[in-house]
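Notes follow the structure.
Protein chains: 4
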Amino acid sequence: MLRGTTEIRVRYAETDMMGIAYHGSYLPWLEIGRTELLRAHGLPYAELERLGYRLPVIDVALKYLRPALYDDVIRIESTMREKPLVRLRIDYELFRGETLIARGHTSHAFLDRENQPIRPPAVFMDAVKRWFAGNAG
Amino acid sequence: MLRGTTEIRVRYAETDMMGIAYHGSYLPWLEIGRTELLRAHGLPYAELERLGYRLPVIDVALKYLRPALYDDVIRIESTMREKPLVRLRIDYELFRGETLIARGHTSHAFLDRENQPIRPPAVFMDAVKRWFAGNAG
Amino acid sequence: MLRGTTEIRVRYAETDMMGIAYHGSYLPWLEIGRTELLRAHGLPYAELERLGYRLPVIDVALKYLRPALYDDVIRIESTMREKPLVRLRIDYELFRGETLIARGHTSHAFLDRENQPIRPPAVFMDAVKRWFAGNAG
Amino acid sequence: MLRGTTEIRVRYAETDMMGIAYHGSYLPWLEIGRTELLRAHGLPYAELERLGYRLPVIDVALKYLRPALYDDVIRIESTMREKPLVRLRIDYELFRGETLIARGHTSHAFLDRENQPIRPPAVFMDAVKRWFAGNAG
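Protein chains in written order, with the working numbering: chain A, 1 to 137; chain B, 138 to 274; chain C, 275 to 411; chain D, 412 to 548.
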């Protein structure tokens, strides 16, 4: 299991006329969560793209438990529970202080530059093996 | 069962560096789908807000089957399968021409101006009864 | 002088907690204005990109005179006043009904796929000549 | 003169199919710039809203000198050059490392909860006096 934590602050641009963060604003937050999860484990997503790989979202689900408000600091806890094979799944929990305000997951496929499915790059699979081995130790 | 169809055209702003529509761009499209579903049945969402009701998204799930590209015309088919009680669920199918490119659903709660759960307004429940009665006829 | 008119409807996603359309939401509307201006004159922007050209915004200015509200229909009037040479400038006026609510302009450079400045493609300059000749007639 | 510096990291959501940050993405960055400028000087914008004031953008201008790329760290330098009276103007310079990539300004009006123009609150004017006195000292 691989975990990462990062924080965002709710932007005015991300609110809507309900006076809370627009529900669609959370998807870029999840994106930041998984980006920082990968970066913290030595594998920046930008590097994967430079190598010719893409990781589009093929599936997202999200439950909104409490509203997020303008200027709130939201903590994003991202978890990769299983070694990715052809697909990669990340789970997320979002907190304001100690309060869980949302949770969900995204699934991703590895594609090449022509948008064809492809196995994850060796650099990624090697990293994954180290990560999960380290966890098990 | 209540159905509505509307179309959007993918904006440049909605694309990302993968060259396709960003996955988060779809949530405003679903919002347009349900807005037009309600409008087509005589109940504009803006009217509900003026009456003091809000319908925040409490749950979203979406599967991305094919990418949507810049300038594509995407048809959004929105369906309310069941009479809403305290919650309202809408299902969506997104098409480019005859090709299904994404499907999902959103769930909504009725809240009052103080963000407290509340039963749907009479004007809404009356409309729903008419809609579903009409369908059954 | 080349003119085009198109309409958008303000999305819930485009509002902010001030209860009005977020000022940043207008930039995609201008983008729709110039896209439809080009399309109406037989030159879809998507076609320009397929030919290897890009027209990034290098300059934007916008004055907000009246708020735009959720579900408002906003009319975008886009005007190309001068034949583009290395730069292209579009002016915009936004209306709700007969009320002018915002006005501004964007400037654009022609770039090739490597993001180097380039002269507009022949297909574009030919079209421009026809447009401005037609106007003068 | 009042200055503040803050940083953002370009989100994937903020890129477009040109492979660079979408020009409209910069407006939320300017918003973060001025928010942090006010916060750093002891006057959080959220506090102004709680007091019943709003500071809508009435005017924006921005020049894009170099593209911003995904995952770039962009430094936003925000400056209030003059004491605000009925209007407030902020100037911005955006940098990647030492390279200036964009510059512009926004102007703001003070409005009350009914969106009527209003003089800035005493707490704001007092703070402004201290800030500019401090600078002159």
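We treat Cβ as the ideally placed atom computed from N, Cα and C, and that holds for glycine.
Quick check on residue i - is its C-beta less than 9 Å from some C-beta in chain D?
i	result
D71(A)	yes
M154(B)	yes
T106(A)	no
L100(A)	no
E144(B)	no
L359(C)	no
T79(A)	no
L301(C)	yes
Is it buried or exposed for residue i, if we count other Cβ within 10 angstroms and need 16 for buried?
i	result
V468(D)	buried
G241(B)	buried
E418(D)	exposed
E31(A)	buried
L359(C)	exposed
A396(C)	exposed
T309(C)	buried
A410(C)	Residue placement at A410(C) cannot be trusted, given a pLDDT of 48 that sits under 50; what the coordinates show is reported in the next sentence. Looking at its Cβ environment, which holds fewer than 16 other Cβ atoms inside 10 Å, A410(C) is exposed.
V60(A)	buried
Check whether the Cβ atoms of residue i and residue j lie closer than 9 Å to each other.
i	j	result
R524(D)	R477(D)	no
S162(B)	R148(B)	yes
G415(D)	L462(D)	no
P391(C)	E151(B)	no
M219(C)	M354(C)	Nothing can be reported for residue 219(C): it is not among the residues displayed for chain C, which extend from 275 to 411.
F543(D)	K494(D)	yes
A538(D)	L480(D)	no
A520(D)	R498(D)	yes
I350(C)	E367(C)	yes
Can you check whether the C-beta of residue i is within less than 9 Å of a C-beta belonging to chain A?
i	result
L459(D)	no
I276(B)	This structure gives no information on residue 276(B), because the portion of chain B shown stretches from 138 to 274.
P193(B)	yes
G298(C)	yes
P257(B)	no
Y456(D)	yes
Please name the residue in the options whose C-alpha comes closest to that of residue i.
i	options	result
G170(B)	T243(B), V265(B) and R224(B)	T243(B)
D345(C)	Y182(B), A239(B) and R267(B)	Y182(B)
L385(C)	V334(C), L322(C), A295(C) and R363(C)	L322(C)
H41(A)	R96(A), S78(A), H23(A) and E98(A)	S78(A)
V347(C)	I375(C), R313(C) and H297(C)	I375(C)
I157(B)	N115(A), P120(A) and D91(A)	N115(A)
Give a yes or no on whether 9 Å exceeds the smallest Cβ distance from residue i to chain B.
i	result
A424(D)	yes
P341(C)	no
P391(C)	no
Which residues does DSSP pair with residue i in a beta bridge?
i	result
K200(B)	D59(A) and R240(B)
I501(D)	T517(D)
P117(A)	L111(A)
L139(B)	M217(B)
T426(D)	A432(D)
V421(D)	None; V421(D) has no bridge partner.
I211(B)	I145(B)
R370(C)	T373(C)
Is the Cβ of residue i closer than 9 Å to any Cβ of chain C?
i	result
Y550(D)	With chain D represented from 412 up to 548, any question about residue 550(D) goes unanswered, as that position is not in the structure.
L473(D)	yes
D470(D)	yes
For residue i, go through chain G and note every residue whose CB falls closer than 7 Å to its CB, in chain order.
i	result
I443(D)	Chain labels in this structure do not include chain G; the protein chains are A, B, C and D.
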